[in-house]
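Read the structure below first, then the notes.
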């Protein structure tokens, strides 16, 4: 197994985990209360964006032919 394939799998799994964690944070009670009170909490969005980016890079590494 090539190193790019292993890195692609790791990035894909980590990206999905980060996105799921971000979605979980975004739907938490604390985040909803903070949003209601006007607090700018960019934590969940950051996790979701980083998760999507890592997943896309992982998929690209997996499907790219060499």
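In our numbering, the protein residues as written are 41 to 106. Glycine included, each C-beta is placed from N, C-alpha and C at the ideal position.
Continuous alpha helix (DSSP H) stretch holding residue 55: start and end:
Here the question's residue 55 lines up with position 15 in the chain shown. If you look at residue 55, you'll find it in the alpha helix (DSSP H) that goes 43-66.
How about residue 58 and residue 102: do their beta carbons lie closer than 8 Å?
Translated into the one-based positions of the chain shown, residue 58 becomes position 18. Translated into the one-based positions of the chain shown, residue 102 becomes position 62. For residue 58 and residue 102, no; Cβs fall outside 8 Å.
Quick one: any contact between the stretch 66-75 and the stretch 90-98, if contact means 3 or more CB pairs under 8 Å?
Not touching, per the Cβ criterion.
Classify residue 109 as buried or exposed, calling it buried when 16 or more other Cβ atoms lie within 10 Å of its own Cβ.
The first residue shown for the chain is 41 and the last is 106, placing residue 109 beyond what the model contains.
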